[in-house]
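Presented below is the structure to which this report refers.
Numbering (this note's numbering), first residue to last: 1 to 180.
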């Protein structure tokens, strides 16, 4: 299901790219993964060299919604206490879209107040591309949860938490006198 949705999105983007004479789907997908590997260079290219596409960003956002719903459904009952509770899909979709929209609007507000260079389109595009790990990681973790024992919960939770950006590095606490 997941790969089918990705395939449909890529097919739609390919048709649109060919009609406009722009870069193909393969280059757009490569650029999304280039941002994962080289975020500073990738976002610089997106802002200054006008690489990237708002449609690809919105497709990534749609895939985040689908991946979130599928990962909640495919996670084993040991790791998902709400596995058998009915899921409100509209609530799940709105939850992700509302957080995305609030994040983009708040960033746009800050750049507007501080006379920054960020446009709303740039912020939406960059935020969408930054959500790519939320498409790639949760589904394999959900599938692996069906093979894992409850004692391996720490590893699975760490895998899912690796998709959440960290606010900063944690510094080790300084050693007290007498400790080695």
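Beta carbons: idealized from backbone N, C-alpha and C, even for Gly. Just so you know, these numbers come straight off a predicted model, no measurement behind them.
Proximity of residue i and residue j at Cβ, strictly below 8 Å
i: residue 61; j: residue 128; result: yes
i: residue 125; j: residue 42; result: no
i: residue 70; j: residue 139; result: yes
i: residue 84; j: residue 104; result: no
i: residue 143; j: residue 74; result: yes
i: residue 32; j: residue 97; result: no
Simplified DSSP assignment, three categories, for residue i
i: residue 180; result: Residue confidence for residue 180 is low, a pLDDT of 46 falling below 50, so the modelled location carries little weight; the figure read from the coordinates is stated next. Residue 180: coil per DSSP, three-state reduction.
i: residue 112; result: helix
i: residue 132; result: coil
i: residue 119; result: coil
i: residue 146; result: coil
i: residue 96; result: helix
i: residue 91; result: helix
i: residue 107; result: helix
i: residue 173; result: With a pLDDT of 42 at residue 173, under the threshold of 50, the predicted position of this residue should be treated as unreliable, and no value is reported.
Best match in the options for proximity to residue i [C-alpha to C-alpha]
i: residue 95; options: 81, 68, 78; result: 68
i: residue 146; options: 30, 78, 34, 36; result: 78
i: residue 66; options: 136, 114, 108, 80; result: 136
i: residue 123; options: 57, 82, 141, 149; result: 57
i: residue 63; options: 48, 38, 92; result: 92
i: residue 195; options: 141, 46, 113; result: Only positions 1 to 180 of the chain appear in the structure, and residue 195 is not among them; the question remains open.
i: residue 39; options: 130, 155, 30; result: 130
i: residue 25; options: 59, 86, 45; result: 59
i: residue 149; options: 76, 50, 113; result: 76
Residue i Cβ short of 7 Å to the ligand FAD heavy atom set
i: residue 110; result: Looking at this structure, you won't find the ligand FAD or any other ligand, since it has none at all.
Alpha helix (DSSP H) runs contained entirely in the stretch 14-88, provided each spans 4 or more residues
If we require 4 residues or more, the alpha helix (DSSP H) runs fully inside the stretch 14-88 come out as 25-37, 39-48, 54-74.
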